[in-house]
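To start, the structure itself, in structure tokens.
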Amino acid sequence: MRTVRDFAPDGATGQSAGQGSSAPKWQQLRAVEEAREALGLKATSINVLRAMLSFMSADRVSEMAPDHHVVYAGNAAIAQRAHVSVQTVERHIAKLVDLGIIQRVTAANGKRWCRRDSAGQVALVSGLSLLPLTTRHAEFTAVAAQYQRTQDSLRALKDECLLALARLQEVCCEGIQHLMDHARTILRRRPQQDVLQCLLNEINAAMPVDNTAEEEVQPSKLRDGDIENEGHKEHSLNPDSKKRKSLSISLTQDDMERSFPALCAELRFARNNEEGLRMMDDIAQQLRLGQAWWKCKEMGPAISFILLGYILERVDSVQNHRSYLVSMMGRLEAGEIELEQLVRPL
Numbered sequence: 061m062r063t064v065r066d067f068a069p070d071g072a073t074g075q076s077a078g079q080g081s082s083a084p085k086w087q088q089l090r091a092v093e094e095a096r097e098a099l100g101l102k103a104t105s106i107n108v109l110r111a112m113l114s115f116m117s118a119d120r121v122s123e124m125a126p127d128h129h130v131v132y133a134g135n136a137a138i139a140q141r142a143h144v145s146v147q148t149v150e151r152h153i154a155k156l157v158d159l160g161i162i163q164r165v166t167a168a169n170g171k172r173w174c175r176r177d178s179a180g181q182v183a184l185v186s187g188l189s190l191l192p193l194t195t196r197h198a199e200f201t202a203v204a205a206q207y208q209r210t211q212d213s214l215r216a217l218k219d220e221c222l223l224a225l226a227r228l229q230e231v232c233c234e235g236i237q238h239l240m241d242h243a244r245t246i247l248r249r250r251p252q253q254d255v256l257q258c259l260l261n262e263i264n265a266a267m268p269v270d271n272t273a274e275e276e277v278q279p280s281k282l283r284d285g286d287i288e289n290e291g292h293k294e295h296s297l298n299p300d301s302k303k304r305k306s307l308s309i310s311l312t313q314d315d316m317e318r319s320f321p322a323l324c325a326e327l328r329f330a331r332n333n334e335e336g337l338r339m340m341d342d343i344a345q346q347l348r349l350g351q352a353w354w355k356c357k358e359m360g361p362a363i364s365f366i367l368l369g370y371i372l373e374r375v376d377s378v379q380n381h382r383s384y385l386v387s388m389m390g391r392l393e394a395g396e397i398e399l400e401q402l403v404r405p406l
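For what it's worth, the working numbering labels the leading residue of the sequence shown as 61, then goes sequentially.
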């Protein structure tokens, strides 16, 4: 039988079974839900587990009384509450038992029942015990945290691949179609870290070498022209200055309300700028922008506000919000679009 210990990261299995968690039952369920994919569980298993917890009147899973951790409801009742078939309940209960998330404490005939004393208190129960939710809560939490770190790392690496592809398309348009098709095939799936790293290495290897930095510019060529136009020519030869200009914009309150009404409505009740930034982080999390949002924030609060507002106005028409944000940032940095184009005209 496999248990959650098979999936726990190093050091997470040192918890003793007797060191149970005092967290509420729904918080314990949330830990299992967040570790669901790492444990190999489907969403239906979580729904069945949630239905089982709903049959318990106690707020916490504990050994204080039999009905505080043993569910004696039949599969038909659980199926009705989980909105699935009885056969589905049986299959997912077997999976939960196999992973050690629940335990069978049934009588010899396998039936589930409850015996009460003369005072109406539960004296004896035969059913399914949810006690592992308490005794292994720390392990489930550790598995969920480790899984989240892995997913964050994968998302960051995937974003790097998307940005590298965008840069490659800008500087090289011929002979890369095969690589582009190969990259799209990989990025449409759920690749592992080694696959993404190999893809990133392939993209970087296909990037043409830029030798312009090795060429020394003669001062006389910078001064070749009329005096009245001299400063303008120096500015046009400075890419950093040009980039700063394309990424700078001044927004009034009217501009923000007119261009990004959805985002302004979300931030209307922010008491100060810090709270507004925190609310923007929450919106980015809901859109699952991942690591791309933190890279966007590095471009400055005005740019991050414009890009988040731009995406929020198109939230229903954009299929992948994170990839869309990465594409927009790449186009801005490349100078393909300017911030003024993202703001509706007066």
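Positions of the beta carbon are idealized from the N, C-alpha and C atoms, including for glycine.
On a predicted model such as this, the values are computed, not experimentally measured, just so you know.
- A distance below 8 Å separates the beta carbons of valine 185 and valine 130.
- Rounded to whole angstroms, the Cβ separation of leucine 217 and alanine 243 is 13 Å, and the two are not in contact under 8 Å.
- Taken through DSSP and simplified to helix, strand or coil, glycine 369 comes out as helix.
- Sequence-distant partners of isoleucine 106 (beyond 5 residues in either direction) whose C-beta falls short of 8 Å from its own C-beta, in its chain, are Leu89, Val92, Glu93, Arg96.
- Between alanine 266 and alanine 322, the alpha-carbon positions lie close to 41 Å from each other.
- In terms of Cβ geometry, glycine 369 and serine 319 form a close pair [threshold 8 Å].
- Per the coordinates, the alpha-carbon of serine 213 lies some 37 Å from the alpha-carbon of threonine 312.
- Nearest to glutamine 257 by C-alpha distance, out of Arg227, Gln229, Arg215, Gly235, is Arg215.
- DSSP lists no beta-bridge partner residue for valine 403.
- Taking the C-beta atoms as reference points, leucine 239 is found nearer than 8 Å to glutamate 262.
- For glutamine 211, the uninterrupted alpha helix (DSSP H) run begins and ends at 197–231, by DSSP.
- Arginine 164: member of the beta strand (DSSP E) spanning 163–165, first to last residue.
- Linking alanine 202 to glutamine 208 through their CA atoms gives a straight-line distance of about 10 Å.
- Judged by beta-carbon spacing, glycine 187 lies beyond the 8 Å limit of valine 157, meaning their Cβ atoms are not closer than that value.
- In this structure, the CA atom of isoleucine 343 is about 17 Å from the CA atom of glycine 360.
- Looking only at Glu199, Arg348, Trp354, Leu109, the smallest Cα-Cα distance to valine 375 is reached by Arg348.
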